[in-house]
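J.: These protein sequence lines map, in sequence, to chains L and Z.
According to my numbering, the stretch in the first sequence is residues 4 to 668, in order.
According to my numbering, the stretch in the second sequence is residues 4 to 668, in order.
I am attaching a structure below and will ask some questions about it afterwards.
There are 2 protein chains.
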Amino acid sequence: MIQSRTLRVDYGKMTRVVYVVGTELNVDLNRGAPPSSKFCSVKASPNVHWSIGSVSPKPFHLCPISLTENSVLSITMSSASEEENDSKLSIWYYNENKVKLGDAILHLTAVEISLDVDADRDGVVEKNNPNKGSWKWGPGGHGAIVLVNCDCERTYWKKPDTEQNFISKLSDLKDMSLMVLRTKGPAKLPDGYKLTMHISQGDAEGIRVYRFEKEVGKPNYTVDNYPLFLDSRYLSKQVTYLGGAREVNFYVEGLRFLDKDFNGLITINLSLLEPISKSVPETPIFSDKVLFRVAPWIMTPNTLLPEEVFVCSTSDNSKFLEEIKNFVAKSGYKLKICQEYVNRGDRWIQDEMEFGYIDSPHQQFPVVLDSPRDRKLMDFPFYELLGPDFGYVTRVAERQDVSSLDSFGNLEVSPPVTVNGKNYPLGRILIGVAFPTATGGRNMTKVVQDFLWAQKVQDPIALFSDWLRVGHIDEFMTFVPAPDRKGFRLLLASPDAAYKLFKGLQKDGHGQAKLFEGLENQETITVDEILNDEDLQAENNYAQSCIDWNRDLLKRELGLDDEDIIDVPVLFKTDPRQNRAEAYYPDLVNMIVLGKNLGIPKPFGPKVNGRCVLEAEMCSLMEGLGLSCTFIDDFASYHKKLGEVHCGSNVRREVFDFKWWNLEM
Amino acid sequence: MIQSRTLRVDYGKMTRVVYVVGTELNVDLNRGAPPSSKFCSVKASPNVHWSIGSVSPKPFHLCPISLTENSVLSITMSSASEEENDSKLSIWYYNENKVKLGDAILHLTAVEISLDVDADRDGVVEKNNPNKGSWKWGPGGHGAIVLVNCDCERTYWKKPDTEQNFISKLSDLKDMSLMVLRTKGPAKLPDGYKLTMHISQGDAEGIRVYRFEKEVGKPNYTVDNYPLFLDSRYLSKQVTYLGGAREVNFYVEGLRFLDKDFNGLITINLSLLEPISKSVPETPIFSDKVLFRVAPWIMTPNTLLPEEVFVCSTSDNSKFLEEIKNFVAKSGYKLKICQEYVNRGDRWIQDEMEFGYIDSPHQQFPVVLDSPRDRKLMDFPFYELLGPDFGYVTRVAERQDVSSLDSFGNLEVSPPVTVNGKNYPLGRILIGVAFPTATGGRNMTKVVQDFLWAQKVQDPIALFSDWLRVGHIDEFMTFVPAPDRKGFRLLLASPDAAYKLFKGLQKDGHGQAKLFEGLENQETITVDEILNDEDLQAENNYAQSCIDWNRDLLKRELGLDDEDIIDVPVLFKTDPRQNRAEAYYPDLVNMIVLGKNLGIPKPFGPKVNGRCVLEAEMCSLMEGLGLSCTFIDDFASYHKKLGEVHCGSNVRREVFDFKWWNLEM
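Given below as structure tokens:
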């Protein structure tokens with residue numbers, strides 16, 4: 004809507020007025036008229052347009068118009084002034100006999116002002132987008148985007164760039180959103196007028212603004228040309244008006260991620276102030292505003308291709324490491340090894356962090372979410388990953404609130420799904436918790452849950468993982484890519500499938516086939532012995548019922564059919580102290596997915612004709628999907644410590660082609 | 004969507020199953036089949052419905068069906084069981100030659116369970132509304148409503164009912180939302196099954212649940228029949244299953260108002276738990292949920308009729324009090340006088356509190372918002388107003404954050420408006436702040452602003468009031484009812500209108516007419532003297548520019564035309580120490596509006612033919628709208644202390660006919 008401004012005009016006076024192109028000045032003709040005025044006429048420079056109600060200018064003569072009770076003169080101008088006060092408008096007042104009683108003169112200075120951003124999200128700051136002050140989701144939507152500047156331009160003395168209120172390297176500018184103040188007008192504004200940029204105290208918690216300042220005579224620009232302009236200490240600051248047609252660049256830096264108390268919307272205002280007197284504050288006579296939305300943190304599912312694979316080197320995992328190295332190399336991806344002096348024996352690199360990314364039309368980079376788990380790998384995300392174009396975010400929880408469920412083996416994301424007609428093109432986040440009906444269950448800590456839910460674009464689902472001793476959803480589920488149907492399958496650990504397989508073996512005369520053959524410090528057990536163990540059967544019935552509960556929820560919340568789910572033979576056993584489950588043999592679903600190559604814990608199952616039937620079954624289930632299985636021996640160094648390949652690895656993946664701002668919310 | 008549950012069925016076993024009417028059981032036929040099974044057949048009691056893919060039951064004979072890889076048996080039942088396990092379903096498995104290999108038997112117990120609320124907002128708890136778990140705004144919307152139980156059933160030892168976790172009087176139940184658990188089924192559930200109601204930790208900050216418990220043999224119900232059921236200490240509790248067709252009543256109590264960190268949505272869950280074994284938590288096999296939205300606090304504009312008028316009695320205001328009494332009596336409303344032992348000389352009853360109300364389909368009552376101003380009237384809202392069906396809410400601010408702008412003369416609400424096609428049928432809240440561009444300006448404290456913005460249904464507008472010494476928007480604006488146009492007029496104080504009036508007087512030869520005649524301790528001044536005072540003119544030019552700034556904003560944000568606004572002749576003068584404005588003579592817009600009767604500060608303006616021209620002008624402006632002006636002498640006891648009639652009074656009004664949940668948001 005057009006900005007209208009009430010202008011006071013007194014007869015017998017000359018009034019100097021600054022006008023902003025695109026707005027409208029309204030003069031109440033009665034207010035400033037001499038007593039007994041009944042008519043008025045208006046004359047103006049050609050570039051000044053006016054009307055009184057339905058009456059528009061009559062050129063070349065002054066035709067007196069009746070003054071009614073609500074006679075309002077509307078004034079607009081279509082272009083900026085070349086010089087101060089270069090346009091005129093005069094109002095003549097007459098009595099009932101059309102005798103002139105007095106006049107009022109306006110000297111007008113027109114300026115063009117627009118604060119501009121990339122509201123149409125094409126990576127370019129367009130001019131005066133009519134929608135720049137609001138947000139609309141979707142491909143036809145609008146609203147600019149700002150990234151949390153959570154990477155670190157420096158590679159030493161690291162801290163996220165958000166934690167310093169200056170620009171340390173010019174490369175930091177590309178992590179910020181360009182905002183341009185465009186002005187056009189005379190060489191200077193009339194005395195006392197000034198431009199001010201301002202933000203609210205609340206919004207200042209979410210952003211900082213830097214300004215580009217040119218210094219004449221310097222050949223190159225340095226960080227000194229980009230001083231801090233607005234932050235929580237300086238909510239409002241004057242912007243020097245430069246004269247002529249000019250553009251001034253500002254750089255907007257996001258400071259905090261979406262969270263329970265922050266919806267991510269930030270407004271930056273630009274006002275033209277009119278001086279009144281020294282003793283009172285200047286009056287804003289024009290305000291422009293732009294809106295930014297802070298980009299959410301986005302997770303990447305197994306169906307996206309890997310960029311880098313991470314594992315830990317420990318004193319006891321050389322065999323595993325060798326096999327992983329070969330697997331990753333064979334798959335054609337890059338492996339990064341976290342050395343022991345960093346991990347200090349903590350091999351659970353899946354659990355310490357989750358890779359994600361932030362995205363905008365002008366910039367995107369990976370961001371690691373550091374878990375409040377904080378065991379001996381705790382420094383890895385900050386000290387090893389945070390860096391130029393590699394962001395870092397964490398949530399701090401009270402120590403007593405942190406449990407095993409806060410490890411990020413308990414935080415996954417589904418591939419894109421459609422559920423009852425609702426699209427989730429970025430998938431849905433999955434976490435594991437206790438049943439809400441259970442007392443004394445473990446849970447993922449509230450600060451992390453609040454963070455995940457606040458991102459909004461991958462609407463989370465809470466599964467039931469507290470039945471497991473370690474309590475991570477990656478112990479019973481994973482996703483693998485598929486060429487058909489929804490583009491993926493959900494793999495679920497299935498004790499029933501394992502029992503069925505073992506009963507078939509028994510029936511076919513292989514009841515004496517042994518599990519765990521060839522392993523040191525591990526007794527073997529026969530298929531018959533397993534099938535005869537009624538306690539084990541009861542424990543697995545319970546495990547199956549827990550998995551089935553999750554299966555029903557996943558079907559409902561991800562819109563899956565039974566055909567989208569593959570049951571993978573996995574047995575569990577119950578820890579007698581905690582009455583919680585752990586994998587009986589290496590847990591086949593706890594795998595690493597690198598494109599079409601699956602790195603699967605070697606199950607050491609019973610052999611028929613020299614081949615492990617669990618491996619054979621797994622290959623048979625996966626090969627139909629064009630997936631290749633590599634079995635990695637994690638028995639001693641991971642499985643016996645209650646984790647597997649997935650727990651002991653982490654994968655940074657390519658980002659989605661789909662842009663989060665194109666979501667229909 | 005229908006709730007589906009995966010059910011494990013093993014051959015050679017009888018399985019007892021509890022089924023909830025309206026859900027679906029899914030049996031993976033392959034999972035529980037004997038090895039080598041190729042066919043199956045199903046037989047069931049007449050009330051048990053089943054299908055396998057597209058195959059439905061063939062009555063009177065068992066026709067073996069091919070087992071495919073994904074053969075899933077779906078089972079439903081249409082009504083509750085009369086007795087435990089009274090329905091049967093059997094699955095026979097066959098080999099490739101259709102020779103029977105084994106069978107599985109299900110004994111089914113069907114129950115009906117629904118947790119019910121008034122989701123259609125008609126004041127009655129309907130049965131199993133399909134939309135009870137979600138919220139939709141508007142006349143065709145859905146979602147139940149809960150009130151913050153912020154009144155106090157007791158009239159002594161007062162505190163809001165939310166602050167005690169028990170019901171002290173049966174009358175308290177009507178401030179809560181009824182929630183009914185309806186169950187139908189056999190006399191008892193199979194062993195170990197139980198019903199549990201549960202809420203999340205976050206939602207428990209917003210509500211409490213009480214339960215009705217009958218005691219046999221007692222003739223009358225007392226508060227002992229309504230013990231606390233769920234709160235933040237008891238997030239989950241078993242509900243006794245009663246057998247047959249039963250209804251159990253629960254009462255949901257809202258605990259906190261909408262605020263920056265609380266969107267007002269609360270979910271209550273009811274789950275049916277299946278026992279597994281003693282050592283593991285029961286599994287929820289069915290969950291129902293209902294959603295409540297906490298009702299917002301709603302303000303009432305001048306266009307709503309009064310219920311009660313409040314003023315203070317002080318040692319020096321007997322004349323004012325007498326005139327107010329007469330005015331209120333004449334207007335036909337009730338006057339309540341806050342006595343001096345309560346107000347301790349603090350006469351600004353407008354500033355200490357704002358009247359509003361909360362509303363639901365089942366109950367509504369007034370709620371006073373107590374300002375953090377906290378001068379000597381501070382105890383009045385709590386000790387005098389809080390009571391049965393009279394609620395209380397406040398926001399606590401740091402002392403140093405509280406300024407004069409936190410007085411509620413600075414908090415008003417417009418009548419209903421439509422702005423660019425958007426309806427605000429409850430009007431819009433108006434507050435006064437400093438220009439965001441000004442440094443060192445005063446502001447309304449953040450906790451109160453957060454509260455006001457969070458209510459959402461009267462989307463607030465921030466005006467500029469910091470130019471006034473006292474800094475309240477009621478010093479320059481008010482709304483009066485009107486029979487035409489939008490149903491109201493906005494009255495704005497207008498120094499221009501005052502100067503125009505005085506210049507007209509001067510021109511007509513009344514320049515020597517005196518203001519302030521007949522007042523004690525107040526020097527008179529002539530119209531000529533006022534018009535000759537150039538400083539005063541400059542001060543008023545500034546005041547007018549500030550009011551014009553607000554005028555432009557109000558036009559834009561309330562969708563007003565110039566014809567909706569009346570300029571009322573008011574002069575200001577500037578306090579030389581603060582450079583802020585105060586009314587020069589009693590401020591005509593600072594009035595009390597009681598229906599069509601306006602109680603206006605007596606201006607003591609210049610007289611022509613014995614009649615005050617300011618009063619005459621005011622009457623002339625108002626009479627066209629059918630409004631009657633009564634001028635009340637507040638000069639010594641209010642005006643000289645920088646307030647007027649409005650500041651010294653408060654009005655509790657009737658509520659809107661429009662229901663807030665019918666807003667289209």
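We put the CB at the ideal spot given by N, CA and C, even for glycine.
Measure the alpha-carbon distance for L:Ile528 versus L:Asn582 and round it to whole angstroms.
T.: As a position in the first sequence, residue 528 of chain L is number 525, starting the count at 1. As a position in the first sequence, residue 582 of chain L is number 579, starting the count at 1. If you take the alpha carbons of L:Ile528 and L:Asn582, they lie about 22 Å apart.
J.: Quick one: which chain Z residues come within Cβ less than 8 Å of L:Tyr545?
T.: Locating residue 545 of chain L in the first sequence gives position 542, counting from the first residue. By Cβ distance, chain Z contributes Ile279, Ser280, Val283.
J.: Under 8 Å, CB to CB, which of the residues in the segment 529–562 of chain L have a partner in chain Z?
T.: Cβ contacts with chain Z come from Ala541, Asn544, Tyr545, Gln547, Ser548, Cys549, Asp551, Trp552, Arg554, Asp555, Lys558, Arg559.
J.: Give the residues from the segment 464–481 of chain L that approach chain Z closer than 9 Å (Cβ to any Cβ), ordered along the chain.
T.: Listed by position, the residues of the segment 464–481 of chain L near chain Z (Cβ gap below 9 Å) are Phe467, Asp469, Trp470.
J.: Quick check on this structure: which residue in L:Ala248, L:Ser652, L:Val345, L:Gln6 has the alpha carbon closest to the alpha carbon of L:Lys85?
T.: Here residue 85 of chain L refers to the residue found at position 82 when the first sequence is read from its first residue. Per the sequence presented here, residue 85 of chain L reads as Glu, with Lys not at that position. It is L:Ala248 whose Cα lies nearest to the Cα of L:Glu85.
J.: For Z:Ser407, which residues in chain L fall below 9 Å Cβ to Cβ?
T.: The sequence position of residue 407 of chain Z within the second sequence is 404, counting from 1. Under the 9 Å cutoff, chain L gives no residues; its nearest Cβ is about 16 Å from Z:Ser407.
J.: Go ahead and pull the three-state DSSP assignment for Z:Tyr679.
T.: A query on residue 679 of chain Z cannot be resolved here, the shown segment of chain Z reaching from 4 to 668 and no further.
J.: Just to confirm before moving on: does the CB-CB distance between Z:Ala298 and Z:Ile116 stay below 8 Å?
T.: Position 295 of the second sequence, counted from the start, is the residue given in the question as residue 298 of chain Z. Position 113 of the second sequence, counted from the start, is the residue given in the question as residue 116 of chain Z. Against a cut-off of 8 Å, the Cβ pair of Z:Ile116 and Z:Ala298 comes out as no contact.
J.: What are the residues of the segment 499–514 of chain Z that lie near chain L, defined by any Cβ-Cβ distance shorter than 8 Å?
T.: The segment 499–514 of chain Z vs chain L, Cβ under 8 Å: Asp499, Ala500, Lys503, Lys506, Gly507, Lys510.
J.: Chain Z partners of L:Ser7, CB-CB under 8 Å?
T.: Translated into the one-based positions of the first sequence, residue 7 of chain L becomes position 4. The contacting residues are Asp555, Lys558, Arg559.
J.: How is the alpha helix (DSSP H) around L:Phe454 delimited, first residue to last?
T.: The count along the first sequence starts at 1 and reaches residue 454 of chain L at position 451. Note, L:Phe454: alpha helix (DSSP H), 449–458.
J.: Comparing alpha-carbon positions, which option in L:Ile340, L:Cys43, L:Thr481, L:Lys459 lies nearest L:Asp590?
T.: Taking the first residue of the first sequence as position 1, residue 590 of chain L is located at position 587. Answer by Cα proximity: L:Thr481.
J.: Looking at the unbroken alpha helix (DSSP H) that takes in Z:Pro498, where does it start and where does it end?
T.: Locating residue 498 of chain Z in the second sequence gives position 495, where the first residue counts as 1. 498–510 is the span of the alpha helix (DSSP H), which, as asked, contains Z:Pro498.
J.: Measure the CB-CB distance between L:Ile68 and L:Val58 and report whether it falls below 8 Å.
T.: Reading the first sequence from its first residue, position 65 is the one you call residue 68 of chain L. Reading the first sequence from its first residue, position 55 is the one you call residue 58 of chain L. Going by C-beta atoms, L:Ile68 is nearer than 8 Å to L:Val58.
J.: Using DSSP with H/G/I as helix, E/B as strand and the rest coil, what is Z:Arg34?
T.: Taking the second sequence and counting its residues from 1, the one referred to as residue 34 of chain Z is at position 31. Three-state DSSP puts Z:Arg34 in coil, outside helix and strand.
J.: Per the DSSP calculation, L:Asn29 is bridged to which residue(s)?
T.: Within the first sequence, the letter at position 26 stands for residue 29 of chain L. Partner(s): L:Thr9, L:Ser77.
J.: So L:Val20 and L:Leu28 are in contact, right, with Cβ under 8 Å, and what is the actual spacing, rounded?
T.: Mapped onto the first sequence, residue 20 of chain L falls at position 17. Mapped onto the first sequence, residue 28 of chain L falls at position 25. Indeed, because the Cβ distance is near 7 Å, the residues count as touching under 8 Å.
J.: For L:Gly267, decide whether its Cβ has a neighbour in chain Z, counting only Cβ atoms nearer than 8 Å.
T.: By 1-based counting over the first sequence, the position of residue 267 of chain L is 264. False, the Cβ-Cβ gap to chain Z never drops below 8 Å.
J.: Give, in chain order, every residue of the segment 427–443 of chain Z whose Cβ lies closer than 8 Å to some Cβ of chain L.
T.: Those residues of the segment 427–443 of chain Z that come within reach of chain L (Cβ to Cβ, closer than 8 Å) are Ala437, Phe438, Pro439, Thr440, Ala441, Thr442.
J.: Using a Cβ-Cβ cutoff of less than 8 Å, which residues in the same chain neighbour Z:Phe438 once the five nearest sequence positions on both sides are dropped?
T.: Locating residue 438 of chain Z in the second sequence gives position 435, where the first residue counts as 1. Within the same chain, Z:Phe438 has close Cβ partners Gly444, Phe467, Asp469.
J.: Give me the Cβ distance between Z:Phe358 and Z:Gly394, rounded to the nearest whole Å; I'm assuming they're in contact under 8 Å.
T.: For the purposes of this step, residue 358 of chain Z is taken as the residue at position 355 of the second sequence. For the purposes of this step, residue 394 of chain Z is taken as the residue at position 391 of the second sequence. In fact, because the Cβ distance is near 10 Å, the residues do not count as touching under 8 Å.
J.: Start and end of the alpha helix (DSSP H) containing L:Phe479?
T.: Translated into the one-based positions of the first sequence, residue 479 of chain L becomes position 476. Segment: none, L:Phe479 is in no alpha helix (DSSP H) and carries neither H nor E.
J.: I'd like to know whether the C-beta of L:Thr286 is nearer than 8 Å to at least one C-beta of chain Z.
T.: The residue you call residue 286 of chain L lines up with position 283 of the first sequence. Yes, L:Thr286 lies at the interface with chain Z (some Cβ there is under 8 Å from its Cβ).
J.: Please state whether DSSP places L:Leu561 in a helix, a strand or coil.
T.: Locating residue 561 of chain L in the first sequence gives position 558, counting from the first residue. L:Leu561: helix per DSSP, three-state reduction.
J.: Between Z:Trp663 and Z:Leu273, what straight-line distance do the alpha-carbon atoms span, to the nearest angstrom?
T.: Position 660 of the second sequence, counted from the start, is the residue given in the question as residue 663 of chain Z. Position 270 of the second sequence, counted from the start, is the residue given in the question as residue 273 of chain Z. Cα to Cα, the separation comes out at about 28 Å.
J.: Between the Cα of Z:Phe383 and those of Z:Glu166, Z:Val314, Z:Asn426, spot the shortest distance and give me the residue it belongs to.
T.: On the second sequence, residue 383 of chain Z is found 380 positions in, with the first residue counted as 1. Out of Z:Glu166, Z:Val314, Z:Asn426, Z:Val314 has the C-alpha closest to the C-alpha of Z:Phe383.
J.: Tell me the rounded alpha-carbon separation between Z:Leu307 and L:Ser82.
T.: Counting from 1 along the second sequence, the entry for residue 307 of chain Z is found at position 304. Counting from 1 along the first sequence, the entry for residue 82 of chain L is found at position 79. Their backbone Cα atoms lie some 47 Å apart in a straight line.
J.: Tell me, please, whether the CB atom of Z:Leu258 is closer than 8 Å to any CB atom in chain L?
T.: The residue given as residue 258 of chain Z occupies position 255 in the second sequence. Judged by the 8 Å Cβ criterion, Z:Leu258 is not in contact with chain L.
J.: With burial defined as no fewer than 16 other Cβ atoms inside 10 Å of the residue's Cβ, what is the status of Z:Trp552: buried or exposed?
T.: In the second sequence, counting from the first residue as 1, residue 552 of chain Z sits at position 549. The residue in question, Z:Trp552, is buried, as its Cβ has 16 or more Cβ neighbours within 10 Å.
J.: Cα separation between Z:Phe63 and L:Glu532?
T.: For the purposes of this step, residue 63 of chain Z is taken as the residue at position 60 of the second sequence. For the purposes of this step, residue 532 of chain L is taken as the residue at position 529 of the first sequence. In this predicted model, Z:Phe63 has a pLDDT of only 43, less than 50, meaning its place in the structure is not dependable enough to derive any value.
J.: Inspect the beta-carbon positions of L:Leu597 and L:Ser334 and report whether they are closer than 8 Å.
T.: Counting from 1 along the first sequence, the entry for residue 597 of chain L is found at position 594. Counting from 1 along the first sequence, the entry for residue 334 of chain L is found at position 331. Yes, the Cβ-Cβ distance between L:Leu597 and L:Ser334 is below 8 Å.
J.: Is Z:Ser410 near Z:Pro304, with beta carbons less than 8 Å apart?
T.: Here the question's residue 410 of chain Z lines up with position 407 in the second sequence. Here the question's residue 304 of chain Z lines up with position 301 in the second sequence. Against a cut-off of 8 Å, the Cβ pair of Z:Pro304 and Z:Ser410 comes out as no contact.
J.: Is the beta carbon of L:Thr165 less than 8 Å from the beta carbon of L:Leu258?
T.: In the first sequence, the residue the question calls residue 165 of chain L occupies position 162. In the first sequence, the residue the question calls residue 258 of chain L occupies position 255. The answer is yes: Cβ separation under 8 Å.
J.: Give me, in chain order, the residues of the same chain whose beta-carbon lies closer than 7 Å to that of Z:Val658; leave out the 5 immediate sequence neighbours on both sides.
T.: Residue numbering aside, residue 658 of chain Z sits at position 655 when the second sequence is read from its first letter. Excluding residues within five positions, the ones whose Cβ falls inside 7 Å are Thr303, Tyr360, Asp362, Gln367.
J.: Drop a sphere of 10 angstroms on the beta-carbon of Z:Val102, count the other beta-carbons inside from all chains shown, and report buried for 16 or more, exposed for fewer.
T.: Within the second sequence, the letter at position 99 stands for residue 102 of chain Z. Exposed, since its Cβ has fewer than 16 Cβ neighbours within 10 Å.
J.: Taking beta-carbon pairs under 9 Å, can you tell me which members of the segment 202–232 of chain Z lie near chain L?
T.: Those residues of the segment 202–232 of chain Z that come within reach of chain L (Cβ to Cβ, closer than 9 Å) are Ile202, Ser203, Gln204, Gly205.
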